[in-house]
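For reference, the structure discussed in these notes is given below.
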Amino acid sequence: MGHPLFRKKSIHKIIEDAQATEVDGHGRGLKKVLGVRDLTFLGIAAVVGAGIFSTIGNAAFNGGPGISVLFIITAVTCGFSALCYAEFASRVPVAGSAYTYSYVTFGEIIAWVIGWALILEYAIGNVVVAISWSGYFNNLLVHLFHIHLPDWMLVDPATAQSAYTEATRALAAGSLSAADTAKYQFAVDAWNNAPSFGNGKLFFNLPAFIIVALITWLAYIGMKESKRMANFMVIFKIAVIIFVIVAGAFFVDTNNWRPFMPNGFEGVLKGVSAVFYAYIGFDAISTTAEECKNPQRDMPRGMIYSLIICTVLYILIALILTGIENYSSFKNINDPLAFVFEQRAPWIEKIVSVSAVVATTSVLLVFQLGQPRIWMSMSRDGLLPKKFQTIHPRYQTPSFATIVTGIIVGIPSLFIASELVTDLTSIGTLFAFILVSGGVLLLPPRPVTDTGFKLPYINGRYIVPVLLALFLYLFRQRMADAVQNLGHENYQEVLFLFFIVIALVLTLLTVIRRYSLIPILGVLFCLYLMIEIPAVSWLWFFVWMALGLAVYFLYGYRNSKLAK
Numbered sequence: 001m002g003h004p005l006f007r008k009k010s011i012h013k014i015i016e017d018a019q020a021t022e023v024d025g026h027g028r029g030l031k032k033v034l035g036v037r038d039l040t041f042l043g044i045a046a047v048v049g050a051g052i053f054s055t056i057g058n059a060a061f062n063g064g065p066g067i068s069v070l071f072i073i074t075a076v077t078c079g080f081s082a083l084c085y086a087e088f089a090s091r092v093p094v095a096g097s098a099y100t101y102s103y104v105t106f107g108e109i110i111a112w113v114i115g116w117a118l119i120l121e122y123a124i125g126n127v128v129v130a131i132s133w134s135g136y137f138n139n140l141l142v143h144l145f146h147i148h149l150p151d152w153m154l155v156d157p158a159t160a161q162s163a164y165t166e167a168t169r170a171l172a173a174g175s176l177s178a179a180d181t182a183k184y185q186f187a188v189d190a191w192n193n194a195p196s197f198g199n200g201k202l203f204f205n206l207p208a209f210i211i212v213a214l215i216t217w218l219a220y221i222g223m224k225e226s227k228r229m230a231n232f233m234v235i236f237k238i239a240v241i242i243f244v245i246v247a248g249a250f251f252v253d254t255n256n257w258r259p260f261m262p263n264g265f266e267g268v269l270k271g272v273s274a275v276f277y278a279y280i281g282f283d284a285i286s287t288t289a290e291e292c293k294n295p296q297r298d299m300p301r302g303m304i305y306s307l308i309i310c311t312v313l314y315i316l317i318a319l320i321l322t323g324i325e326n327y328s329s330f331k332n333i334n335d336p337l338a339f340v341f342e343q344r345a346p347w348i349e350k351i352v353s354v355s356a357v358v359a360t361t362s363v364l365l366v367f368q369l370g371q372p373r374i375w376m377s378m379s380r381d382g383l384l385p386k387k388f389q390t391i392h393p394r395y396q397t398p399s400f401a402t403i404v405t406g407i408i409v410g411i412p413s414l415f416i417a418s419e420l421v422t423d424l425t426s427i428g429t430l431f432a433f434i435l436v437s438g439g440v441l442l443l444p445p446r447p448v449t450d451t452g453f454k455l456p457y458i459n460g461r462y463i464v465p466v467l468l469a470l471f472l473y474l475f476r477q478r479m480a481d482a483v484q485n486l487g488h489e490n491y492q493e494v495l496f497l498f499f500i501v502i503a504l505v506l507t508l509l510t511v512i513r514r515y516s517l518i519p520i521l522g523v524l525f526c527l528y529l530m531i532e533i534p535a536v537s538w539l540w541f542f543v544w545m546a547l548g549l550a551v552y553f554l555y556g557y558r559n560s561k562l563a564k
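For the sequence shown, position 2 (counting from the first letter as 1) is numbered 2 according to this note's numbering, and the numbering increases by one without interruption.
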């Protein structure tokens, strides 16, 4: 049996519990309405969003046209994880994503940790998306309809305060260009015109809160309605992106593609967090397993199809953007697609603005669908209060969990600055991907009668050591520097050395136990991307995890169904 912290659930038991809930949740389970096309569209809805319309700008500034390579690396990394997810989705066709999969392979404490990390990915990640949506929506109101909302309703207090401080300092120093003067004066006026609240000024992001409320309502009233809405938004935004690629091709100057990697490979890797943030959505498909008509067959296909389509679109967009404008122009540009057409074809800019609002809305929707279903699974296992597994008798959705998700995303989106959470979200997601990839190696043997998706076995015994040797050769200088300066080195290099140790141990195990290549590469690639995320985000990640463990030991450990 092992230690109670690592008690596991069998696949048979997990499926049985899900079916039992379907019977006793007011006589109804979740509505089975999703086919392979819907799942593919949900994947695209989650992946093609803020990344393609905003964070790609900063990545392009750091990496130049070479970020198209970064999209390939990220897609391959996600591809390894997606294949592992597909294997799990086929074997364990139950809502709950990586949380449920970890319960089968690693045991309860790890499942809880991953469930807690997924809150970072879905709920906290959605705060960023809501703030991003608010920016696009305001842009649309101003440029298309000439409606100006008060500035104090559009930004969080911390951002307003820092903009005001920077502006007063810059204006006092003098000798500014006309454009800079106007920009700083705008920040000062926004601060002065805001209503006073106690000793400070009142600032909040109202559009972000309103869109979260509307999306939560849509997720509450049903999967069928959410599916229709998501499908419509995906068709619209893919049409716009293809149009932008075709129209943009006429403005490309191939000289802008030289040098291809202006800041070397390190510059390209600087965009990891931003680019990976764009890809995190595909695992949201696995949370909808119980609303799938044929999860064993359709979920793996939906994951792989959506990943391939999104990667092709991202690579083409990256090449078009860096071909139209020199990479150096993208510094601090939050709406790169609109930016490149602003002077060249303003009418295209307007289409892009509409499409950015639609794209971010679809991401919000998919994540607001994902989080409640994870909580529902955790509640079934006794790790969260029973209320979280309540299924609405009419709408057949996890109603209470959906409302709680709405509150957890809505309130912070009024007051929080988005930079804080992008890196945190990426760490949470990569952590989930690592456990899913590693978990495949621990799955029990597959029954002979099981005809679902099967991860192809490639013996990693010889390939993994060769790849590790190549990696160590390419990064030999960084390793030498990190070891030499270990005493007074920044935390980033400590993380790098930690990665090397883990990689050596995993390679040794692969040689001895003949582990399958795809899961091992999934673990190593994701772990490497994880250590490239700034150390300060890791600190917050550990704080978040400590909070999660406190909740587990105070409630989940004692109330777990396996404990009984």
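For every residue, glycine included, the Cβ atom is placed at its ideal position computed from N, Cα and C.
Supposed close pair residue i, residue j - CB separation, criterion 8 Å
| i | j | result |
| --- | --- | --- |
| Leu517 | Ile458 | 4 Å |
| Lys350 | His143 | 7 Å |
| Asn256 | Thr322 | 6 Å |
| Ile131 | Ser413 | 6 Å |
| Ile114 | Leu435 | 5 Å |
| Leu364 | Val127 | So it is not a contact: roughly 10 Å between Cβ atoms. |
| Met223 | Leu30 | 7 Å |
Selection from the options that minimises the alpha carbon distance to residue i
| i | options | result |
| --- | --- | --- |
| Gln371 | Thr288, Arg301, Ser102, Gln296 | Thr288 |
| Ile408 | Lys8, Ile114, Val312, Leu120 | Leu120 |
| Val290 | Ile221, Ile11, Val92 | Before going on, a small fix: residue 290 reads as Glu here, not Val. Nearest option by C-alpha distance: Val92. |
| Ser10 | Ala179, Pro385, Asp381 | Asp381 |
| Gly135 | Ala482, Ile211, Gly439, Ala158 | Ile211 |
| Ser362 | Glu16, Val33, Ile44 | Ile44 |
| Pro519 | Leu562, Cys84, Tyr557, Arg461 | Cys84 |
| Gly324 | Val244, Asn334, Ala480, Gly452 | One detail in the question is off: residue 324 reads as Ile in this sequence, not Gly. That would be Val244, whose Cα lies nearest to the Cα of Ile324. |
| Tyr305 | Ala82, His12, Lys32 | Ala82 |
| Gly57 | Arg478, Tyr314, Met229 | Tyr314 |
| Asn559 | Trp112, Gly49, Glu532, Lys32 | Trp112 |
| Gly49 | Leu337, Gly96, Leu141 | Leu337 |
| Ile533 | Phe498, Phe232, Ser426, Asn485 | Ser426 |
Sequence-distant residues of the same chain with beta carbon closer than 6 Å to residue i, five excluded per side
| i | result |
| --- | --- |
| Asn649 | There is no way to answer for residue 649, as the model of the chain reaches only from 1 to 564. |
| Gly428 | Ala117, Leu120, Glu121 |
| Ile110 | Ser102 |
| Val275 | Ala59, Leu70, Thr74 |
| Ile238 | none |
| Val448 | none |
| Phe251 | Ile324, Arg344 |
| Ser90 | Gln296, Pro300, Gly452, Phe453 |
| Asn326 | Asn256 |
| Met1 | Only weak support is given to the placement of Met1: the predicted model assigns it a pLDDT of 49, under 50, and the value that follows is read from those uncertain coordinates. Closer than 6 Å at Cβ, skipping near neighbours: no residue. |
Buried or exposed by the 16-neighbour rule on C-beta atoms within 10 Å, applied to residue i
| i | result |
| --- | --- |
| Ile235 | exposed |
| Glu108 | buried |
| Ser537 | buried |
| Ile242 | exposed |
| Trp375 | buried |
| Ser399 | buried |
| Lys454 | exposed |
| Ile411 | exposed |
| Val404 | buried |
| Glu566 | Here the chain covers residues 1 to 564 and nothing more, so residue 566 does not appear. |
| Thr40 | buried |
| Asn332 | exposed |
| Asp450 | exposed |
| Asp481 | exposed |
| Glu493 | buried |
| Lys561 | exposed |
| Gly600 | Because residue 600 is not part of the residues shown, which for the chain are 1 to 564, the question remains open. |
Contacting residues, own chain, Cβ-Cβ under 8 Å from residue i (five flanking each side not counted)
| i | result |
| --- | --- |
| Leu504 | Leu468 |
| Trp152 | Ala160, Ala190, Asn193, Ala194, Pro195, Lys201, Leu202, Phe203, Phe204 |
| Gln185 | Ala167, Leu171 |
| Leu442 | Thr105, Phe106 |
Neighbour flag for residue i against chain D, beta carbons, 7 Å
| i | result |
| --- | --- |
| Asn193 | In the structure shown, chain D does not exist; there is a single protein chain. |
Sequence-distant residues of the same chain with beta carbon closer than 7 Å to residue i, five excluded per side
| i | result |
| --- | --- |
| Val23 | Note that Val23 has pLDDT 49, beneath the 50 cutoff, so the model's placement of it is unreliable and the number below is only indicative. None. |
| Gly35 | Lys293, Asp298 |
| Val268 | Gly63, Gly66, Ile67, Val69, Leu70, Met261 |
| Val155 | Phe203, Asn205 |
| Phe415 | Asp156, Pro157, Phe204 |
| Val366 | Leu42, Ala45, Ala46, Ala230, Gly281, Ala284 |
| Phe80 | Ser437, Ile518, Leu521, Gly522, Phe525 |
Proximity test, residue i beta-carbon vs the ligand ZN heavy atom, cut-off 6 Å
| i | result |
| --- | --- |
| Ala167 | As presented, the structure is devoid of all ligands, the ligand ZN included, so that no description of it is given. |
Are the stretch 540-554 and the stretch 512-528 touching, with three or more C-beta to C-beta distances below 8 Å?
-> no
Check whether the stretch 509-516 touches the stretch 460-474, counting contact only when three or more Cβ pairs, one atom from each stretch, lie closer than 8 Å.
-> yes
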